[in-house]
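Counted the way this note's numbering counts, the sequence shown spans residues 298 to 573.
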Amino acid sequence: MRTTESRSRKAELRTHNCRRVGPAIVAAAAILFLGAAPLAAGINLEWRPLFQTVRAGDQVAIGLYAVSDSDEDQHFNSAQAIIFWDPTVLQLTGTDVTGSIGLSTSAFLFGNSFGLNEADPPADGDALWVGMVSLGETRPAHPAPEGSLLTYITFTALVESDIEGTAVSLVRSVTLPGHPTARSKVMSGTHDALGTLSGPAIVDVLGMCGDVNCDGATNVFDIDPFVLALVDQEGYEAAFPDCDYLRADTNCDGHVNVFDIDPFVECLVVGGHTCD
Ligand SMILES: [Ca+2]
Ligand SMILES: [Ca+2]
Ligand SMILES: [Ca+2]
Numbered sequence: 298m299r300t301t302e303s304r305s306r307k308a309e310l311r312t313h314n315c316r317r318v319g320p321a322i323v324a325a326a327a328i329l330f331l332g333a334a335p336l337a338a339g340i341n342l343e344w345r346p347l348f349q350t351v352r353a354g355d356q357v358a359i360g361l362y363a364v365s366d367s368d369e370d371q372h373f374n375s376a377q378a379i380i381f382w383d384p385t386v387l388q389l390t391g392t393d394v395t396g397s398i399g400l401s402t403s404a405f406l407f408g409n410s411f412g413l414n415e416a417d418p419p420a421d422g423d424a425l426w427v428g429m430v431s432l433g434e435t436r437p438a439h440p441a442p443e444g445s446l447l448t449y450i451t452f453t454a455l456v457e458s459d460i461e462g463t464a465v466s467l468v469r470s471v472t473l474p475g476h477p478t479a480r481s482k483v484m485s486g487t488h489d490a491l492g493t494l495s496g497p498a499i500v501d502v503l504g505m506c507g508d509v510n511c512d513g514a515t516n517v518f519d520i521d522p523f524v525l526a527l528v529d530q531e532g533y534e535a536a537f538p539d540c541d542y543l544r545a546d547t548n549c550d551g552h553v554n555v556f557d558i559d560p561f562v563e564c565l566v567v568g569g570h571t572c573d
């Protein structure tokens, strides 16, 4: 069960998010860079989430960028990235190359020899993405901060995430039982030019708007729980011990009160109300 402190922090987070979130959009993402810089020039792989805060049911798109670690463009002809995520929170749906630098292939190739892509699309929290340009061609990895968008990796947010958000990670190598070792790579000719991998992309998934009884849908069955939360927090928490009381905070100001009634009705009637 969540503590009062964590609820309070969540309220702060929501309030913070609400100030700057359009329809489930946050412009910037906190990206941590891990690992020592390579000795030779390299091409780094870096996450840049398109949206950092979403609601359950929303689409999630995380940009995968190739970033030259020198002041000059570096060229490559293919790349692959091992991706880990929490499949109970996010469902991988595929890739989207809209606005990318143009790859002839951007895919999770089903049944690859490393055992990572066990389904199409992979569903168990680990996958190997492969990107290739046409034979004989190369693409530039621009220096930071521009970088080069390889592809978006797309997910559907299934459920509300923990207070810390849910992490989507880039992994340098992994060995699954009975399979050869898979490695993330950026191939420049026959040379692997991979530099560093960025830290995890963190996506904060908020509960579905107006789903105050936590059954995954917003409908008339949420009305009584909403009213209960409004008038009797303890009663609500006793009746719905696994639900976050702040689900009733439909205007995302960190409090549950009469000012949440109109936004709740909006959630109920039109669905998908977001805090903007
Ligand atoms: Ca897998
Ligand atoms: Ca509900
Ligand atoms: Ca409120």
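Idealized CB from N, CA, C, for every residue including glycine.
Asked	Found
Inspect the beta-carbon positions of Leu342 and Ala378 and report whether they are closer than 7 Å.	yes
So, is the C-beta of Met484 closer than 7 Å to a C-beta in chain B?	No chain B appears in the structure shown, which is made up of a single protein chain.
Taking the CB atoms as reference points, tell me whether Val357 and Ser458 lie closer together than 7 Å.	no
Kindly indicate which three-state DSSP category Gly339 falls into: helix, strand or coil?	coil
What residues sit near ligand 5, counting only those whose C-beta is closer than 5 Å to one of its heavy atoms, in chain order?	Ligand 5 is not part of the structure shown, which contains ligand 1, ligand 2 and ligand 3 as its ligands.
Bridge partners of Leu494, per DSSP?	Leu342
Please classify Val528 as buried or exposed, where buried requires at least 16 other C-beta atoms within 10 Å of its C-beta.	exposed
Under a Cβ-count criterion, where at least 16 other Cβ atoms within 10 Å of its own Cβ denotes burial, should Asp423 be classed as buried or exposed?	buried
Among Val509, Met429, Pro346, which one has its Cα closest to the Cα of Val500?	Pro346
Tell me whether the beta-carbon of Ser367 lies closer than 7 Å to the beta-carbon of Ala338.	yes
Less than 6 Å separating the Cβ of Asp417 from some heavy atom of ligand 1?	no
For Phe452, which residues does DSSP report across the bridge?	Val357, Leu389
Who's in the neighbourhood of ligand 2, going by beta-carbon under 7 Å from any heavy atom, listed in chain order?	Asp508, Val509, Asn510, Cys511, Asp512, Gly513, Ala514, Thr515, Asn516, Phe518, Asp519
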